[in-house]
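Enquirer: Could you have a look at this structure, given as structure tokens, before my questions?
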Amino acid sequence: MRLEDGCLVLETHFEKFANINYKKSSADWIKNTKFMPYTSGSVTTIKTKNFMFGRLEVRAKVPKTKGIWPAIWLLGKNKWGWPTNGEIDMLENISQQPDVVYSTFHLSPDGVSKRDASRGGTVKIDNLSDDFHTYVMEWDKDSIKLMVDDKLVKSIDLNTTNYANGAGNPFRTPFYLILNSAVGGTWCEKAPKDGQGYPVKFLVDYVRFYQTKEHAQQAKQFDPETGLPKKK
Numbered sequence: 083m084r085l086e087d088g089c090l091v092l093e094t095h096f097e098k099f100a101n102i103n104y105k106k107s108s109a110d111w112i113k114n115t116k117f118m119p120y121t122s123g124s125v126t127t128i129k130t131k132n133f134m135f136g137r138l139e140v141r142a143k144v145p146k147t148k149g150i151w152p153a154i155w156l157l158g159k160n161k162w163g164w165p166t167n168g169e170i171d172m173l174e175n176i177s178q179q180p181d182v183v184y185s186t187f188h189l190s191p192d193g194v195s196k197r198d199a200s201r202g203g204t205v206k207i208d209n210l211s212d213d214f215h216t217y218v219m220e221w222d223k224d225s226i227k228l229m230v231d232d233k234l235v236k237s238i239d240l241n242t243t244n245y246a247n248g249a250g251n252p253f254r255t256p257f258y259l260i261l262n263s264a265v266g267g268t269w270c271e272k273a274p275k276d277g278q279g280y281p282v283k284f285l286v287d288y289v290r291f292y293q294t295k296e297h298a299q300q301a302k303q304f305d306p307e308t309g310l311p312k313k314k
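See the structure below:
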């Protein structure tokens, strides 16, 4: 990870790297693999910046090679745990569909179970990785809109995301931002065993957040843990 020619570079390499979470007895392959074959840069604002209501823009150029899975996404800051705390995917791009942008919302169906009730959309952009594109989230107390180059991909009505029995609403609580490229996984195709096509760069020109006074005032109306209106 570095700055180069005015851009943040998140670079993915084919290299042997000791797994800091290694546990031989684990049933999880992520933990029982002693050495990882790939490394990749990532950025998170979990300890520096939370977002709630406003316009978030990320201008970026995605990498292209087998097994790469770049993403621009946000997770809910509250303590519910995934997927109840909410996830907002401004961009996901998997290598077997190199010209498709996925924009998705994740939440629990009822606020209790750990099942994922996702709501998403896609847009196809020819030669997506050849140029920079602007990935946008517009968010207020009533809705969230996810766009690419200001073209709407998916929106969600926040009056439909209230959990049962007054448990809360994840999309009326603060979120933090993550920029990263995964390699392989359960959704993306596997990366080559010999590292062919790597290293690759995920370039980020800028991240900008705009919030009006009205947005800021709306944010103060909701409890940051539950997303329910504060009692007056």
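Counting in my numbering, the sequence shown runs from 83 upward without gaps.
C-beta: ideal position from N, C-alpha, C; glycine also.
All figures in this text were calculated on a predicted structure; none of them were measured in a lab.
1) Name the DSSP bridge partner or partners of TYR120?
2) May I ask you to report which of helix, strand or coil DSSP gives GLY158?
3) Can you check which of these residues, ASN175, TYR245, LYS143, ASP231, is closest to ASP287 by C-alpha distance?
4) To the nearest angstrom, report how far apart PHE73 and THR130 are at their CA atoms.
5) Looking only at its own chain, which residues have a Cβ that is under 7 Å from the Cβ of ASN101, when we skip the five neighbours before and after it?
6) Whole angstroms is fine: what's the gap from GLU97's alpha carbon to GLY266's?
7) Just the C-alpha distance for VAL140 and LEU259, rounded to the nearest angstrom, thanks.
8) Determine which residues share a DSSP beta bridge with TRP151 and list them.
9) Along the beta strand (DSSP E) that carries GLU174, what are the first and last residues, could you check?
10) Identify every run of the beta strand (DSSP E) within the segment 199–277, keeping only runs that are complete inside it and at least 3 residues long; order them along the chain.
11) Would you identify the three-state DSSP class for LYS295, choosing helix, strand or coil?
12) By how many angstroms is the C-alpha of ALA246 removed from the C-alpha of ASP192?
13) Do PHE291 and GLY136 have their beta-carbon atoms positioned less than 7 Å apart in this structure?
14) Would you kindly work out how many angstroms separate the C-alpha atoms of LYS161 and THR308, rounded to a whole number?
15) If you compare alpha carbons, which of ASP222, ASP87, VAL183, ASP181 is closest to GLN293?
16) Straight-line CA distance for ASP224 to GLY279?
17) Is PRO165 closer than 7 Å to SER195 when the C-beta atoms are compared?
Expert: The short version:
1) Note: TYR120 sits in a beta bridge opposite PHE96.
2) strand
3) LYS143
4) In the structure displayed, the chain extends from 83 to 314; residue 73 sits before or after that span and is not available.
5) Around ASN101: THR115, LYS116, PHE117, MET118.
6) 15 Å
7) 10 Å
8) ALA264
9) 169–174
10) 201–206, 215–221, 225–230, 233–239, 257–265
11) Of the three classes helix, strand and coil, the one that applies to LYS295 here is helix, per DSSP.
12) 6 Å
13) yes
14) C-alpha separation (whole angstroms): 9 Å.
15) ASP222
16) 43 Å
17) no
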